[in-house]
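Visitor: What follows is a single structure, and I will ask about it in a moment.
Numbering (my numbering), first residue to last: -18 to 81.
Now the structure itself:
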């Protein structure tokens, strides 16, 4: 996993799978990388080939964290498989999804 802070945006990427094995670590590492000035969290899922309920739970937890801070979470370039899961769970209505 990579993190990069650019101004008020934290970008997280390099995630191959987001599942029960690594979801808690992903959530905790991402929260630890946030600072008081972070308004937007961008999670790049362009390399993610597998997402399960634990991964969804981590994304929801991070979304709640950002909303409580007055910010937002964006999903960047989800793979077709991940996008399908977000649509089936209707989370595409919760998260801002940027496909380009």
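The C-beta atom is built at its ideal place from N, Cα and C for all residues, glycine as well.
1) Verify whether the separation of the beta carbon atoms of residue -2 and residue 29 is less than 8 Å.
2) Does the region -15 to 3 touch the region 33 to 48, meaning 3 or more C-beta pairs lie closer than 8 Å?
3) Which word fits residue 69, buried or exposed, when buried means at least 16 other C-beta atoms lie within 10 angstroms of its C-beta?
4) Report the rounded CA-to-CA distance for residue 63 versus residue 24, giving the unit in angstroms.
5) Leaving aside the five residues before and after residue 74 along the sequence, list all residues of the same chain whose C-beta is less than 7 Å from its C-beta, in chain order.
6) To which residues of the same chain is residue 59 closer than 8 Å at the C-beta, ignoring the five residues directly before and after it?
7) If you run the structure through DSSP and keep just helix, strand and coil, what is residue 23?
8) Unbroken alpha helix (DSSP H) runs of length 4 or more, entirely within the region -4 to 80: which are they?
9) Taking its Cβ as the centre, do 16 or more other Cβ atoms sit within 10 Å of residue 40, making it buried, or is it exposed?
Guide: Taking the definition as stated:
1) Taking the first residue of the chain shown as position 1, residue -2 is located at position 17. Taking the first residue of the chain shown as position 1, residue 29 is located at position 48. Yes, the Cβ-Cβ distance between residue -2 and residue 29 is below 8 Å.
2) yes
3) Taking the chain shown and counting its residues from 1, the one referred to as residue 69 is at position 88. Answer is exposed; the Cβ neighbour count stays below 16.
4) Against the chain shown, residue 63 aligns to sequence position 82. Against the chain shown, residue 24 aligns to sequence position 43. Between residue 63 and residue 24, the C-alpha separation is close to 12 Å.
5) Walking along the chain shown from the start, residue 74 turns up at place 93. Counting only Cβ-Cβ distances below 7 Å, and skipping sequence neighbours, we find nothing.
6) What you label residue 59 is simply residue 78 of the chain shown in a count that begins at 1. So the list reads 26, 27, 29, 67, 78 and 80, once near-sequence residues are dropped.
7) Walking along the chain shown from the start, residue 23 turns up at place 42. In the structure shown, residue 23 sits in a strand (DSSP, three-state: E or B).
8) Taking only runs of at least 4 residues, the alpha helix (DSSP H) segments lying wholly in the region -4 to 80 are 4 to 14, 34 to 49 and 61 to 69.
9) In the chain shown, the residue the question calls residue 40 occupies position 59. Looking at its Cβ environment, which holds 16 or more other Cβ atoms inside 10 Å, residue 40 is buried.
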